[in-house]
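Asks:
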Amino acid sequence: MDPPNLSKLTISGEQKEPKLGLVPLAEKLKKTDNGRKVILDTNIRPLVVKPNLAFFKYVVSLVSKFERRDGGLAPLEISKSSRKGAANEDDKEMCHRAYKEAIGHIPQLQKSNRVFYDRQSSLYSTEKLKLDKDFVLELHNVSRAPNFRGAVFTLKAVAETFQATFNDIARCANSSPALADKTLLKCLNAILSGQVHS
531 MDPPNLSKLT
541 ISGEQKEPKL
551 GLVPLAEKLK
561 KTDNGRKVIL
571 DTNIRPLVVK
581 PNLAFFKYVV
591 SLVSKFERRD
601 GGLAPLEISK
611 SSRKGAANED
621 DKEMCHRAYK
631 EAIGHIPQLQ
641 KSNRVFYDRQ
651 SSLYSTEKLK
661 LDKDFVLELH
671 NVSRAPNFRG
681 AVFTLKAVAE
691 TFQATFNDIA
701 RCANSSPALA
711 DKTLLKCLNA
721 ILSGQVHS
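Residue numbers for the sequence shown follow the working numbering, so the first one is 531 and each next one is one higher.
(1) As a quick exercise: from Asn697, Arg649, Asn677, pick the residue whose alpha carbon is nearest that of Leu603.
(2) Just grab the DSSP bridge partners of Tyr588 for me.
(3) Using beta-carbon positions only, say whether Ser492 and Val593 come within less than 8 Å of one another.
(4) Return yes when the Cβ of Leu550 is within less than 8 Å of the Cβ of Ala710, no when it is not.
(5) Taking the alpha-carbon positions, what's the Lys622 to Asp662 distance?
(6) Between the C-alpha atoms of Lys641 and His635, what's the straight-line distance to the nearest angstrom?
(7) Whole angstroms is fine: what's the gap from Arg674's alpha carbon to Phe596's?
(8) Which one of Leu577, Glu557, Ala556, Lys560 has the shortest CA to CA distance from Ile699?
(9) Would the beta-carbon of Ala628 fall within 8 Å of that of Val666?
(10) Exposed or buried, which one is Asp648 when buried takes at least 16 other CB atoms within 10 Å?
(11) Do you know how far the Cα of Gln650 is from the Cα of Thr713?
(12) Pick helix, strand or coil for Lys614, following the three-state DSSP scheme.
(13) From what residue to what residue does the beta strand (DSSP E) around Ala604 run?
(14) So, at 6 Å on beta carbons, what are the nonlocal neighbours of Val553 in its own chain, with the 5 sequence-adjacent residues on each side left out?
(15) Can you give the Cα-Cα distance for Asp664 and Thr684, rounded to whole angstroms?
(16) With 8 Å set as the bound, which would you pick, yes or no: does the beta-carbon of Ala689 sit closer than that to a beta-carbon of chain B?
(17) Answer with buried or exposed for Ser723, where buried requires no fewer than 16 other C-beta atoms within 10 angstroms of its C-beta.
(18) Out of Asn719, Leu555, Asn564, Arg679, point me to the one whose CA is closest to Arg598's CA.
(19) Using the rule of at least 16 other Cβ atoms within 10 Å of the residue's Cβ for burial, across every protein chain shown, is Lys587 buried or exposed?
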């Protein structure tokens, strides 16, 4: 029996645009010795890690309050800033100042050198932090803006399904990029980045 001809198939109803990255990439070409060999210099270094090393993810939120011209307060979540360039760096610096102040109130963060903060909304630790509930801290000196009226720093654990171990490294690669698990890559980026302030 011949397979049905789907080229003339029509689907009624509203269609969603397919998510980018779901179409698999082309297969790799087989390795050959053809071509001219070259010598490359690189700054790539091996990364040696213990197997089963776990990373626990925590969500950081910094919501600043700014006074509007009408006297009301406008909350702005700085930790999820979508501003570009220097403005984005200013927001990251404000998040970092808030994080440094919060460290003084969380004893476990003071003792640990295994905590990595990306200066935005993610904190990773190789040790599970003992947070009975969300940690919330009111701050009053993380911005020099004349209309700044305070901020709220919140640290909370995410669901266990968002935790990662180095055994999960293979899940970071997928021929369909949208299906790759980026949790561990984001963690490694926070650890290895020159901008990490932990």
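Even for Gly, the Cβ is constructed at its ideal location relative to N, Cα and C.
Remember, it's a predicted structure, so these values are computed and weren't measured experimentally.
Replies: Based on what the coordinates show:
(1) Asn677
(2) Leu653, Ala687
(3) Because the chain spans 531 through 728 in this model, residue 492 falls outside it and cannot be assessed.
(4) no
(5) Cα to Cα, the separation comes out at about 27 Å.
(6) 12 Å
(7) 11 Å
(8) Leu577
(9) Result no, Cβ atoms of Ala628 and Val666 do not sit closer than 8 Å.
(10) buried
(11) The C-alpha of Gln650 is placed about 15 Å away from the C-alpha of Thr713.
(12) coil
(13) 603–607
(14) none
(15) 7 Å
(16) Annotation note: the requested chain B is absent from the structure, which comprises a single protein chain.
(17) exposed
(18) Arg679
(19) buried
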